[in-house]
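This report refers to the structure that appears directly beneath it.
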Amino acid sequence: MHLNQGGVVQNLWLALCVFASCFFYGAINPVWVLPALLGPLLVLASTPSDRFISLQLQSPRLLWGSLAALSLIIAHQTVVSINPDASFIPSIVLACLPLWVLTVAVAKNPPQLWAFLTLLVTNLAVISVVDFLILQQRSHAPLVDPGNYLTLLYFAWIPWVVAALMKPLRGITLWLFLSITVVFSIAMLATHLRFAVLVLVFMVLVVVLLCFRSSSRWTTGIAIIAAIIFGGVTYLLLDPAGAASSFGDASRQATQQSPRLLLWQSTWEAVKDMGGINGTGVGTFLQVYPSFRSPAEQSTSGVVVHNDYLQLLLEGGVWLFVPLIALCAAIGLAILKGVLLGPVPEREAGLFVAMGVAALHASVNFVFSVLPLVLLFAVALALASRGLLPERCPSQSISSRRWIFGKAMICALLVLNIAYVMLHVTNLAVFAGYNQVIGAHYIRADGERALEYANLSQRLNGARGLPFFGEARLLEQKLAAEPTPMNLSRTEAAYQRSAELGGLNAAVLVNYAMFKQAVGQTQAGRDLLEEALRINPYDLFASVALLHFYETQKEPLEVQRISQQILKWCKLIAKEPGAEQLFERIKTKYVGSSADAERLEVCMRELHRPRGGGRHQTPLMRWAAGKA
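With our numbering applied, the sequence shown covers 39 to 666.
This is the structure in structure tokens:
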């Protein structure tokens with residue numbers, strides 16, 4: 039059998055780029071992974087295969103529109119975002135979705151590409167099951183959020199199930215697949231998420247439906263259902279306390295006001311007040327939410343909505359919300375026509391089912407905000423849609439000048455946008471202490487060198503607030519050493535510019551206020567602190583500074599107002615460093631009623647509550663301990 043070595047290397051590289059994004063989880067990750075993935079794709083596009091030429095000739099709008107969308111999603115945020123510093127990294131994650139067109143156009147042997155990805159994710163599932171059995175570790179690694187890890191698992195497993203039903207397995211192949219199904223079932227349930235149970239139940243129903251449509255599948259179908267049930271029972275026997283705790287919490291939450299429901303209600307209020315056609319900018323929910331947050335909801339992180347559609351409606355406006363809804367509707371229609379109601383499903387059916395479950399999961403989690411999941415979604419969409427795209431190159435030739443010019447423009451836009459993102463990441467490394475950028479420590483080590491870099495960054499992109507904020511902090515240090523009028527005016531100008539470009543960033547205003555008070559402009563500092571507290575009513579530093587200011591000015595009514603504000607948001611403030619000293623100060627001086635004292639006691643207990651919960655011993659662990 040002839041082996042296309044170039045195709046194997048290409049598919050393995052694409053799979054590893056997707057897989058690597060799982061391990062480098064965080065804000066900086068997209069900047070490294072996307073160029074590594076996009077670069078080879080563009081190089082391959084410069085020497086196009088027959089399929090790529092065919093796509094360019096027969097579906098030019100699809101190809102060029104998708105590539106332009108990747109660039110425009112990134113660039114769009116510079117114009118519309120209330121805080122461009124917060125928008126660049128999340129927008130580049132979302133912009134990976136249009137890569138599906140380029141992936142399907144250049145991928146050689148696409149099923150092989152998905153096989154590589156599935157094999158890599160299966161290894162993660164095996165590792166998580168081993169960690170669960172030995173260490174009682176909740177399934178989530180290498181991702182941070184168990185919900186995202188669950189999505190990663192069923193993205194790889196669901197297509198396997200459908201493919202196994204299409205071509206019934208026999209012998210050792212069947213037993214290997216059933217063993218893998220048991221592993222995936224345990225790994226998914228070990229996330230301690232109710233959605234994992236729903237996914238497994240849904241897949242049992244899909245298996246039954248597909249078996250009814252073809253009687254030859256019943257043997258394999260019953261074996262798959264038995265493997266899923268066996269995995270579930272095994273999990274319950276190994277971790278009854280974890281299962282009881284997970285679903286016990288669910289039953290308790292059902293009788294109370296749900297924090298997630300409050301989160302969605304507040305987000306909807308923000309959509310009506312600030313959303314509009316353009317939205318507030320991808321990634322800006324963290325800045326928008328505090329001023330709309332309900333005091334009854336102090337348990338979530340406030341970083342994501344846990345509903346991608348609602349979050350994109352707020353952040354991306356019509357331009358991002360409508361295409362995403364249209365894409366999910368098209369996937370749902372493909373599942374309905376090709377899997378549930380249509381003829382015997384094609385090989386791509388499992389990929390459509392996986393995307394449909396992921397799209398449903400996005401309504402209660404943040405699937406489209408995580409790079410590995412977006413890349414997996416894009417690759418699955420590419421492989422599932424490849425039958426809709428032309429297979430062979432037609433006889434007509436390409437206009438070389440038009441091709442070269444158009445390709446050069448697309449590549450230039452992509453390179454320019456990614457360069458701006460790299461500039462932003464370098465700013466984070468220099469001014470916010472990130473160490474993932476080579477040379478950042480060298481720039482930070484010298485104050486004058488860091489100032490020169492801040493000025494260079496401002497010239498390259500004057501719409502970013504972070505370089506001005508970094509410059510202001512550096513100039514403030516210089517002002518302390520050399521208190522000259524020029525240094526004072528330069529520091530004032532830098533702080534003012536950073537406040538103008540910072541959007542709803544309370545931290546910038548607090549630092550600006552501290553500078554104002556340090557130079558004797560106490561009233562201006564007070565106004566900035568009040569504005570910071572309006573933007574974020576539970577900002578610890580603004581609360582402490584205002585409390586101190588009104589105590590100094592001997593304004594008891596204002597002191598009482600700030601104290602009540604702190605008590606109102608004390609559960610969130612308790613999560614911040616330095617909260618204990620503030621609570622002791624409030625307790626000894628300003629707590630007047632028994633209700634306030636009780637509320638403060640609850641918040642002070644929150645300070646000493648262990649984070650993340652402790653591990654509990656399963657029967658297997660107790661047995662092992664007894665043997666030891």
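We treat Cβ as the ideally placed atom computed from N, Cα and C, and that holds for glycine. Remember, predicted model here, so these are calculated numbers, not experimental data.
Just measuring C-alpha positions, the residue of Ser-252, Val-167 and Phe-250 sitting nearest Leu-227 is Val-167. Inside the segment 514 to 539, DSSP marks whole alpha helix (DSSP H) runs of 4 or more residues at positions 523 to 539, from first to last along the chain. Contiguous alpha helix (DSSP H) elements confined to the segment 136 to 179 occur at 137 to 144 and 148 to 173, taking only those with 4 or more residues. For the 7 Å CB-CB criterion, Thr-189 and Leu-411 form a contact. For Gly-508, the secondary structure class from DSSP, reduced to helix, strand or coil, is helix.
Per DSSP, the continuous alpha helix (DSSP H) segment holding Glu-486 begins and ends at 485 to 498. In the DSSP assignment, Gln-303 falls within the alpha helix (DSSP H) that extends over 297 to 308. Take Gly-321, set aside five residues on each side of it, and the residues of its chain with a beta-carbon closer than 6 Å to its own are Ala-124, Ser-125 and Pro-128, in chain order. Comparing alpha-carbon positions, the option among Gly-354, Trp-302, Glu-307 and Ala-364 lying closest to Thr-338 turns out to be Trp-302. The DSSP-derived three-state label of His-479 is helix.
Exposure of Met-524 is indicated by the presence of fewer than 16 other C-beta atoms within 10 angstroms of its C-beta. Lys-609 carries a helical assignment under DSSP once its states are collapsed to helix, strand and coil.
In this structure Tyr-480 is exposed. Its beta-carbon is surrounded by fewer than 16 other beta-carbon atoms within 10 angstroms. Contact between Val-417 and Leu-151 holds: their C-beta atoms lie close to 7 Å from each other, under 8 Å. DSSP places Phe-404 outside both helix and strand once states are collapsed to three, so it counts as coil. The shortest CA-to-CA distance from Ser-59 to any of Val-117, Leu-352 and Ala-179 is the one to Ala-179. Counting only residues of its own chain and dropping the five nearest sequence neighbours on each side, Val-597 has a CB closer than 8 Å to the CB of Leu-585, Tyr-588, Glu-589 and Tyr-628. In this structure Pro-136 is not in contact with Leu-389, their Cβ atoms being roughly 17 Å apart against a cut-off of 8 Å. Contact annotation, Ala-562 with Leu-547: C-beta distance approximately 11 Å; criterion of less than 8 Å not satisfied.
One thing to note: Leu-203 has its Cβ no nearer than 7 Å to the Cβ of Leu-231. Residue state for Gly-259 is assigned as helix, using DSSP reduced to three classes. Cβ contact annotation for Gln-336 (same chain, cutoff 6 Å, sequence separation greater than five): Lys-609 and Leu-610, in chain order. If you check the CB distance, Glu-520 and Ala-492 do not come in under 7 Å. At the C-beta level, Val-245 and Gly-259 come within 7 Å of one another. For Ser-119, the secondary structure class from DSSP, reduced to helix, strand or coil, is coil. Cα atoms of Trp-138 and Arg-487: separation of roughly 42 Å, rounded to the nearest angstrom. Counted as a single uninterrupted DSSP element, the alpha helix (DSSP H) harbouring Leu-188 occupies residues 184 to 204. Apart from sequence neighbours up to five positions away, the residues of its chain that approach Val-391 with a beta-carbon distance below 7 Å are Ile-196, Val-200, Val-244, Ile-373 and Val-377, ordered along the chain.
For Val-557, there is no enclosing alpha helix (DSSP H), as DSSP marks it with neither H nor E. The continuous stretches of alpha helix (DSSP H) do not include Gly-319, and DSSP gives it neither H nor E. Gly-319 and Ala-518 have their alpha carbons spaced roughly 37 Å apart. Taking every protein chain shown into account, the CB of Lys-375 has fewer than 16 other CB atoms within 10 angstroms, so this residue is exposed. With a cutoff of 7 Å on beta-carbon distance, Gly-317 and Gly-355 are scored as near each other.
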